[in-house]
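Undergrad: Protein chains in written order, with the numbering used here: chain X, 180 to 376; chain R, 180 to 376. C-beta: ideal position from N, C-alpha, C; glycine also.
Protein chains: 2
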Amino acid sequence: MTMPKRDTYTPDSLLAVAVEVFNERGYDGTSMEHLSQAAGISKSSIYHHVRGKEELLHRAVGRALEGLFGILDESGATTGRAVDRLEYVTRRTADVLVEELPYVTLLLRVRGNTGTERWAMERRREFDQRVAALLKAAVAEGDLRADVEPRLATRLLFGMINSVVEWYRPDGRGTAQAEQLADAVVRLAFDGLRIQR
Amino acid sequence: MTMPKRDTYTPDSLLAVAVEVFNERGYDGTSMEHLSQAAGISKSSIYHHVRGKEELLHRAVGRALEGLFGILDESGATTGRAVDRLEYVTRRTADVLVEELPYVTLLLRVRGNTGTERWAMERRREFDQRVAALLKAAVAEGDLRADVEPRLATRLLFGMINSVVEWYRPDGRGTAQAEQLADAVVRLAFDGLRIQR
Chain X
180 MTMPKRDTYT PDSLLAVAVE VFNERGYDGT SMEHLSQAAG ISKSSIYHHV RGKEELLHRA
240 VGRALEGLFG ILDESGATTG RAVDRLEYVT RRTADVLVEE LPYVTLLLRV RGNTGTERWA
300 MERRREFDQR VAALLKAAVA EGDLRADVEP RLATRLLFGM INSVVEWYRP DGRGTAQAEQ
360 LADAVVRLAF DGLRIQR
Chain R
180 MTMPKRDTYT PDSLLAVAVE VFNERGYDGT SMEHLSQAAG ISKSSIYHHV RGKEELLHRA
240 VGRALEGLFG ILDESGATTG RAVDRLEYVT RRTADVLVEE LPYVTLLLRV RGNTGTERWA
300 MERRREFDQR VAALLKAAVA EGDLRADVEP RLATRLLFGM INSVVEWYRP DGRGTAQAEQ
360 LADAVVRLAF DGLRIQR
């Protein structure tokens with residue numbers, strides 16, 4: 180057993196530890212005991228910070244959702260042709276995935292029965308619908324292909340983007356790596372693998 | 180408690196029940212007791228069919244892998260330009276995902292420490308590498324864009340394709356639905372969302 184250490188956690192640093200444990204064990208499979216062990220402080224010290232593990236989940240997925248919804252308020256997402264706004268949102272979503280990797284990973288894996296999990300899934304669906312609406316508008320404006328049903332196209336687009344949490348690992352190149360990823364996502368999503376002649 | 184029923188299972192029908200439970204509870208979270216309850220037969224009846232849950236996992240992911248590797252031996256995957264072979268493999272992978280949905284879902288979720296899980300992950304990596312090699316060949320032949328690193332492109336391609344297991348639900352239209360999906364995957368992966376002018 181690890182000796183308890185002095186509790187010097189801030190809300191953010193405790194959250195970072197909790198998210199790591201949630202992603203490793205799954206939210207359901209994580210007990211306060213696991214969190215206490217991972218943080219190296221007693222359960223009662225954790226209760227000094229939060230009411231319980233659901234509050235940690237709420238803060239963690241809230242942070243991911245804030246990052247994602249924040250994109251939709253940026254000027255690149257609100258002005259211009261729908262196709263350009265969609266491209267902007269796609270690129271920025273890739274950025275946020277990388278910047279908030281553990282938090283978005285947790286958000287994407289949430290499927291469960293607590294109120295917080297249902298809330299997170301609902302908010303995620305809302306984000307997807309906002310993007311689907313943008314995609315539909317770009318089809319209507321004649322910039323995106325009409326031969327793929329917009330909901331299906333949105334799902335495949337998010338399938339590509341969200342897969343990033345499964346395999347992305349920082350390689351030490353920092354923003355250069357993140358930029359390369361966002362470029363690749365935008366190129367493939369909008370123009371595909373094939374050289375257009 | 181459910182009353183045990185007479186054991187009329189075939190290897191395939193027992194496997195189908197087990198895969199459903201594995202996908203719902205996770206392989207680690209599934210005990211022989213859970214399998215017994217879901218199948219409605221005693222644990223000893225299950226042991227009459229298989230040595231244990233790892234054998235069921237092995238058969239299940241084996242079935243998914245057989246479907247996927249089978250594609251690579253089909254003539255569409257072995258003859259012609261690399262770009263056409265890659266397109267063929269992409270389309271057929273979408274088909275196999277739909278045809279073998281619960282088995283491929285299980286395969287894609289496997290990450291663990293038993294020998295069978297490591298074997299499945301290794302075989303999956305091997306499949307990905309075969310496809311990555313095809314993609315690289317198509318870039319070398321000048322048919323696919325060279326400005327996205329082939330390994331990254333392969334990951335994003337599989338990210339899009341594999342996401343299908345997360346949201347695809349048969350809607351009763353049978354092969355029409357499956358064909359629509361495979362068309363959409365091929366169009367988006369190769370030519371992107373944008374109308375090429």
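(1) Hey, quick one: how far does the alpha helix (DSSP H) through Y188 of chain X stretch, first residue to last?
(2) Which residues in chain R have a C-beta closer than 8 Å to the C-beta of V364 of chain X? List them in chain order.
(3) Find the nearest neighbour of R290 of chain R within the set R:Y188, R:N202, R:D191 and R:T187, judged by alpha-carbon distance.
(4) 7 Å is my cut-off, CB to CB: does L201 of chain R come that close to chain X?
(5) Could you name the residues of chain X that A332 of chain R contacts, counting a contact when the two beta carbons are closer than 8 Å?
(6) Work out the CA separation of R376 of chain R and R373 of chain X for me, nearest whole Å.
(7) Taking Cβ positions only, does S192 of chain R come closer than 7 Å to chain X?
(8) At least one CB of chain R closer than 7 Å to the CB of L244 of chain X: is that the case?
(9) Roughly how many angstroms lie between the CA atoms of K222 of chain R and D186 of chain R, to the nearest whole one?
(10) Could you name the residues of the same chain whose beta carbon sits closer than 7 Å to that of F369 of chain X, not counting the 5 residues immediately before and after it, in chain order?
(11) State yes or no: is the beta carbon of S342 of chain X nearer than 7 Å to at least one beta carbon in chain R?
(12) Evaluate S342 of chain X with the Cβ neighbour count: other Cβ atoms within 10 Å of its Cβ, from every protein chain shown; 16 or more gives buried, anything less gives exposed.
(13) Does V327 of chain X get closer than 7 Å to chain R when you measure Cβ to Cβ?
(14) Measuring only the C-alpha atoms, how far is D362 of chain X from L331 of chain R?
(15) Taking A243 of chain X as the reference, give the member of X:D326, X:V277 and X:V229 with the closest Cα.
(16) How about Q324 of chain X: is its C-beta nearer than 7 Å to some C-beta of chain R?
(17) What does G338 of chain X reach in chain R if we use C-beta pairs closer than 9 Å?
(18) Assign D322 of chain R to buried or exposed, taking buried as 16 or more other Cβ atoms, counted over all protein chains shown, within 10 Å of its Cβ.
(19) Looking at L285 of chain X and V198 of chain X, is the spacing between their C-beta atoms short of 7 Å?
(20) Quick one: what's got a C-beta closer than 7 Å to K232 of chain R's C-beta in the same chain, skipping five residues either side?
(21) Pick from X:A316, X:E358 and X:G351: whose alpha carbon is nearest that of A256 of chain X?
(22) Report the option in R:Q308, R:E320, R:Q359 and R:G205 whose CA atom is closest to the CA atom of L251 of chain R.
(23) Below 7 Å CB to CB, which residues in the same chain sit around T293 of chain R once its five sequence neighbours on both sides are set aside?
(24) Throw me the rounded Cβ distance for the V344 of chain X and L280 of chain X pair, which I believe falls under 8 Å.
(25) On the DSSP bridge assignment, give the partners of L323 of chain R in chain order.
(26) Run through chain X and tell me which residues come within less than 7 Å of Q375 of chain R, C-beta to C-beta.
(27) What residues in its chain sit with their C-beta under 7 Å from that of A357 of chain R, if we drop five residues either side in the sequence?
(28) For T295 of chain X, I'd like the list of residues in its chain whose CB is within less than 6 Å of its CB, leaving aside the five on either flank, ordered along the chain.
TA: Inspection of the coordinates gives the following:
(1) Counting along the chain, Y188 of chain X falls outside any alpha helix (DSSP H), and DSSP gives it neither H nor E.
(2) Simply L335.
(3) By alpha-carbon distance to R290 of chain R, the top candidate from R:Y188, R:N202, R:D191 and R:T187 is R:N202.
(4) Residue identity differs from the one stated: residue 201 of chain R is Phe in this sequence, not Leu. Under the Cβ criterion of 7 Å, F201 of chain R is not counted among the residues facing chain X.
(5) Near A332 of chain R (Cβ distances below 8 Å), the residues of chain X are A363, L367 and L372.
(6) When rounded, the distance between both Cα atoms is 14 Å.
(7) Closer than 7 Å: no.
(8) Taking Cβ atoms only, chain R never reaches closer than 7 Å to L244 of chain X, which makes this a no.
(9) Pairing K222 of chain R with D186 of chain R, the inter-Cα distance amounts to about 11 Å.
(10) Around F369 of chain X: E266.
(11) True, the Cβ-Cβ gap to chain R drops below 7 Å.
(12) Buried, because 16 or more other Cβ atoms sit within 10 Å of the Cβ of S342 of chain X.
(13) Judged by the 7 Å Cβ criterion, V327 of chain X is in contact with chain R.
(14) CA-CA distance, D362 of chain X to L331 of chain R, rounds to 11 Å.
(15) Among X:D326, X:V277 and X:V229, the Cα nearest to that of A243 of chain X is on X:V277.
(16) For clarity, residue 324 of chain X is Arg in the given sequence; the question names Gln instead. Yes, because at least one Cβ of chain R sits closer than 7 Å to the Cβ of R324 of chain X.
(17) Simply G338, M339, I340, N341, S342, V343, E345 and W346.
(18) Counting Cβ neighbours within 10 Å, D322 of chain R comes out buried, since at least 16 surround it.
(19) Yes, the pair counts as a contact, with Cβ atoms nearer than the cut-off.
(20) Answer for K232 of chain R: T209, M211 and L214, listed in chain order.
(21) Nearest option by C-alpha distance: X:A316.
(22) The residue among R:Q308, R:E320, R:Q359 and R:G205 with its C-alpha nearest the C-alpha of L251 of chain R is R:Q308.
(23) When the five nearest sequence neighbours on each side are left out, the beta carbons in the same chain lying within less than 7 Å of the beta carbon of T293 of chain R are those of E233, in order along the chain.
(24) Rounded, the Cβ-Cβ distance is 6 Å, consistent with contact.
(25) The partner list for L323 of chain R (beta bridge, DSSP) reads X:R373.
(26) Result: Q375.
(27) Excluding residues up to 5 positions away in sequence, D274 and V277 lie with their Cβ nearer than 7 Å to the Cβ of A357 of chain R in the same chain.
(28) E233, L236 and H237, listed in sequence order.
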